[in-house]
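Input: a single structure, listed below in C-alpha cells.
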Amino acid sequence: DESRSLNFIEHIIEDDLSNGMPKDDLRFRFPPEPNGYLHIGHASSICLNFGLGMRYGAPVNLRFDDTNPAKEEQEYVEAIKKDIEWLGYEWDTECYASDYFQQLYDWAVVLIKEGKAYVDSQSSEAMAEQKGTPTTPGTNSPFRDRSVEENLQLFEGMKNGDFDENTHVLRAKIDMASPNMLLRDPIMYRILHRAHHRTNTDWCIYPMYDWTHGESDYIEQITHSLCTLEFLPHRPLYNWFLDQVTESDKIRPKQREFARRNLSHTVVSKRKLLKLVEEGVVSGWDDPRMPTLSGLRRRGYTPESIRSFADTIGIAKRENVVDVSLLEFHAREHLNKIAPRVMGVLNPLKIVITNYPEGEEEWLEAENNPEDPSAGNRQVPFSRELYIEKEDFREEANRKFFRLKLGGEVRLKNAYIIKAESCTKDTDGNIIEVQCTYDPKSKSGSGTEESLRKVKGTLHWVSVKHAIPAEVRLYDRLFTDAVPDGHKEKDFMEFLNPNSLEKVTAYLEPSMKDVNEGDQFQFQRLGYFNVDKDSEPGKLVFNRTVTLRDTWAK
Ligand code: ATP
Ligand code: MG
Ligand code: MG
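The opening residue of the sequence shown carries number 3 in UniProt numbering; numbering runs sequentially from there.
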C-alpha cells in the first residue's frame, strides 16, 4: 500500500538513498533456518522483506540459514518454499549458508593468520566460567596465545575430522573485557560429526550463526539485513566480522532490527511448535489449530488475509502481543468477498411441514454470493422434512428470540415463511421434531404480497432427504491463556485448551457433493468453512476457519 506512511525501516532506506546509495544496489533477504515450519511471526518478516523488494523494485533472496545439521532437514526447506510461494512472493535467488562453507573456512584461515582467531581446547564449562559477567571482565583462555602455526594445524585437523566433538572450537580473538558479552571471544566454529541435509559429510565443523550471517549477507551483497530485536546486541559482532572481510568497492550490509510479532493464545517459536507436534498434542505442523502458515492454510486462511493482517500490524520497535481476533477479522473480510454461501446444519433438529404434500419436492433459487453478483445462483431442494439448528427452536421464548417458537413465524432462507404448531419429545423430554405449517404464497423472490411480508427471523435449513452428511471440525483457541509462554512459574504446555477441537456431523445442501480440498464456503449464519485434506468423495470433511462474528470480543 503506497499511501500509508513510511515505517522506520523505510525511513532508514530513504536516508541511505538520499545519502547517495544507488537505488539499484538495494537488495534484501529472508533468512529462515530450516529447523521447522514457518509461523505467523515469520509472515511479518516475509511481508516486510518482500514488501520492501516490491516497493523499491529490489531483489529479495531466500536464504536458508542452514548451519546446524542437528536440527535442520530437507522437509523443512521444502515446506518453507511452499509457504512463501503460497503467500504470493517470489524470491530472486535461492541461497544456502551451507554453499558458503568453503568461503567461510577460507576467511577463518585468514583470521587465524592475522592473529584474530584461535583454537580453544577447553571444555565448554571452563569457557563459560571465564566469560565473566556484564559488570566484570572475563578471563583469557590459556589457549588464547597459541601460535598461528599451531592454530592453523589444529583448525585443519578439526576440519579433517581428526578430533571428537567438544574437544576444540575456533574463537575470534576480540576482547574478553568487552562490556558486550558477545564480543568476549565468540565461538566461530564447533565440531559436529553430523551429516548435513545438503553438504552431507563434507564438513564436520560448522560455523556459528554470528560468523555466518553477516558474511552471507556480504557474499550476497545484501544492503539491509533485517532481523528481530534479540539480535541488537549482536550488531557490533556482526560489524566486527564484516570489518575482517569487507573490500572497499563492495557493499557493506547493515543489520537493522525490528520487534518480533507475537500472536495471542498461541506460541510462535519453532521449538515450542515442534514440541506440540512431537508430543502429539496436534496432528502435525499443519494441524488447523497451529499458527504455522501450513496450519492456517489448512484451516482456510487465505494468503490475502495473512498479508493484510501483516500490513495492518506493520512493524514495531517494541515487542507486543497482537490479539488473534485481528487475524480472524482479516480472514472474515476476505472470505466475505470470495466465499460462496451455502446452507448446512451443524446440530440438526427435524421439522415437518405438515401442509406440504408428501413425496413432493421443489428446487428453489439461491444467490451464491450477495457480495459478488458474478457468482450467480444455484438451486436448493425444499421438501416436507427439513433440518434446522436445534438452537433455532424453543417451545417458549421471550420477544427477543427472533428464531422459531411455538405459535411463531420465521422465514426459511430462499424459501417460505413457516409457523411452528407443535413439537414431539422423547422420553427424556428432548425435542426431537417440530411440526410446522408453511405459507405457500410466501416463496422468496416470487413478488407476491406474502413473499414481501416481514418476519423477524430468517433461518438456514436443509432438506432431510437431500442432505449430505459431512464431518465438520470446529476449533477453539489452542491455549486458554493469552500469552501461554509468558509465565515464569508455569510451562506453556500447562495452558493447553482441552476443548480446542470438536467434531460434529453436519448436514449440507446437495450442491456440496463434489467439493474439492481447499474449497471455501460461508455456511450461512455459521461461519466460513473449507474442505480439509482428509476429505474424500462421499466422506466430506470440513474445517471451520472462523465464525461469522467475533464471539470473543463480547
Ligand atoms: P523461532 O524462534 O520460531 O525458531 P527464529 O527467529 O529462530 O524463530 P528463523 O528461521 O531464524 O526463526 O527466522 C527467519 C526470520 O524471521 C528471521 O529474520 C527472524 O528474525 C524472523 N522472525 C522469526 N520469528 C519472528 C516473529 N515472531 N516476528 C517477526 N519476525 C520473526
Ligand atoms: Mg531459531
Ligand atoms: Mg533465527
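Ideal Cβ placement from N, Cα and C applies to all residues, glycine included.
Legend entry - Spatially closest choice to Y107 from L64, Y440, L154, by CA coordinates: The option with the nearest alpha carbon to Y107 is L154.
Legend entry - Rounded separation between R301 and V382 - CA only: Put simply, the backbone Cα of R301 is about 27 angstroms away from that of V382.
Inset, instruction - Count the CB pairs spanning the region 178 to 195 and the region 139 to 154 that are closer than 8 angstroms, and state whether there are at least three. - result: Here the region 178 to 195 lies against the region 139 to 154, with 3 or more beta-carbon pairs under 8 angstroms apart.
Legend entry - Of the residues E398, K115, V457, the one placed nearest S446, counting alpha carbons only: The residue with the shortest Cα to Cα distance from S446 is V457.
Legend entry - Exposed unless 16 or more other CB atoms sit within 10 angstroms - verdict on W242: A residue is called buried when at least 16 other Cβ atoms come within 10 angstroms of its Cβ; W242 meets this threshold and is buried.
Inset, instruction - Taking 8 angstroms as the cut-off, decide whether the C-beta atoms of C206 and G159 are in contact. - result: Not closer than 8 angstroms, so no.
Inset, instruction - Report the residue from V533, D17, M210, E452 whose alpha carbon sits nearest the alpha carbon of T225. - result: Considering only alpha carbons, the answer is D17.
Inset, instruction - Report whether the distance from the Cβ of K272 to the nearest heavy atom of ligand 1 is below 7 angstroms. - result: Yes, since a heavy atom of ligand 1 falls inside the 7 angstroms radius drawn around the Cβ of K272.
Inset, instruction - Report buried or exposed for K556, applying the criterion of at least 16 other Cβ atoms within 10 angstroms of its Cβ. - result: Residue confidence is low: K556 scores 32 on pLDDT, short of 50, so the model does not pin down where it sits. Its coordinate-derived value is still stated next. Classification for K556: exposed.
Legend entry - N264 beta carbon near ligand 1 (any heavy atom closer than 7 angstroms): Shortest gap from the CB of N264 to any heavy atom of ligand 1: under 7 angstroms.
Legend entry - Validate contact between the region 106 to 120 and the region 230 to 238 using beta carbons, cut 8 angstroms, 3 pairs: Because the criterion of three Cβ pairs below 8 angstroms is not met, the region 106 to 120 and the region 230 to 238 do not touch.
Inset, instruction - Tell whether a beta-carbon distance below 8 angstroms holds between K274 and M345. - result: No, the pair does not count as a contact, with Cβ atoms beyond the cut-off.
Legend entry - Counted within 10 angstroms of its Cβ, other Cβ atoms place M183 as buried (16 or more) or exposed: The residue is exposed, with fewer than 16 neighbouring Cβ atoms inside 10 Å.
Legend entry - beta-carbon E80 near ligand 1 non-hydrogen atom, thresh 7 angstroms: In terms of side-chain proximity, the C-beta atom of E80 is found no nearer than 7 angstroms to any non-hydrogen atom of ligand 1.
Inset, instruction - Between the Cα of V283 and those of T356, K272, N499, K319, spot the shortest distance and give me the residue it belongs to. - result: For the residues T356, K272, N499, K319, the minimum Cα distance to V283 belongs to N499.
Legend entry - Inter-residue spacing [alpha-carbon to alpha-carbon] between W554 and R455: Confidence in W554 is poor, its pLDDT being 46 and thus under 50, which makes the residue's placement unreliable; the coordinate value appears in the next sentence. If you draw a straight line from the Cα of W554 to the Cα of R455, it comes to about 35 angstroms.
Legend entry - Local conformation of W287 per DSSP, three classes: In the structure shown, W287 adopts coil according to DSSP, grouped into three states.
Legend entry - Inter-residue spacing [alpha-carbon to alpha-carbon] between V111 and F157: In a straight line, the C-alpha of V111 is about 8 angstroms away from that of F157.
Inset, instruction - Could you say if the region 344 to 358 and the region 458 to 465 meet the contact criterion of at least three C-beta pairs nearer than 8 angstroms? - result: In this structure the region 344 to 358 touches the region 458 to 465; the number of beta carbon pairs closer than 8 angstroms is three or more.
Inset, instruction - Return the CA-CA distance between residue 2 and Y91, expressed in angstroms with no decimal places. - result: The first residue shown for the chain is 3 and the last is 556, placing residue 2 beyond what the model contains.
Legend entry - Beta-carbon proximity check, N168 vs S126, cutoff 8 angstroms: Yes.
Legend entry - Coil, strand or helix - S327 by DSSP: The three-state reading of DSSP puts S327 in helix, counting H, G and I together.
Legend entry - Top-ranked residue by Cα proximity to A341, from W213, Y303, L351, W365: It is Y303.
Inset, instruction - Note the first and the last residue of the continuous alpha helix (DSSP H) segment covering E259. - result: Looking at the DSSP string, E259 is not in any alpha helix (DSSP H); the run it does join, the beta strand (DSSP E), is 256 to 260.
Inset, instruction - Determine, using beta-carbon pairs with one atom in the region 33 to 49 and one in the region 76 to 95, whether at least three such pairs fall under 8 angstroms. - result: The region 33 to 49 vs the region 76 to 95: in contact.
Legend entry - Cβ neighbours of D325 in the same chain (closer than 6 angstroms, five flanking residues each side left out): Cβ-Cβ distances below 6 angstroms link D325 to S266 in the same chain, with the five nearest sequence neighbours on each side left out; the list follows chain order.
Legend entry - Segment limits, alpha helix (DSSP H) that includes M56: First-last of the alpha helix (DSSP H) with M56: 42 to 58.
Inset, instruction - Look at the alpha carbon of A508 and the alpha carbon of F52, and state the distance between them as a whole number of angstroms. - result: Between A508 and F52, the C-alpha separation is close to 41 angstroms.
Legend entry - T135 (DSSP reduced to helix, strand or coil): Here T135 carries a strand assignment [DSSP, helix/strand/coil].
Inset, instruction - Compute the distance between the beta-carbons of Y78 and G38, then report whether it is under 8 angstroms. - result: Judged by beta-carbon spacing, G38 lies within the 8 angstroms limit of Y78, meaning their Cβ atoms are closer than that value.
Inset, instruction - Report yes if the C-beta distance between N532 and G520 is below 8 angstroms; otherwise report no. - result: Going by C-beta atoms, N532 is nearer than 8 angstroms to G520.
Legend entry - Paired residues, beta bridge with V352 - DSSP: Checking the displayed sequence, the identity of residue 352 turns out to be Lys instead of Val. Y389, E435.
Legend entry - Cβ contact check for the region 284 to 292 and the region 468 to 486: 3 or more pairs under 8 angstroms: When C-beta atoms of the region 284 to 292 are compared with those of the region 468 to 486, three or more pairs fall below 8 angstroms, so the two segments count as touching.
Legend entry - Own chain residues within Cβ distance below 6 angstroms of T95, not counting five before or after: Counting only Cβ-Cβ distances below 6 angstroms, and skipping sequence neighbours, we find N63.
Inset, instruction - Could you pull out every residue in the same chain whose Cβ sits closer than 7 angstroms to the Cβ of R200, ignoring the five residues on either side in sequence? - result: Once the five neighbours on either side are set aside, the close Cβ partners of R200 are D68, Y98, S100.
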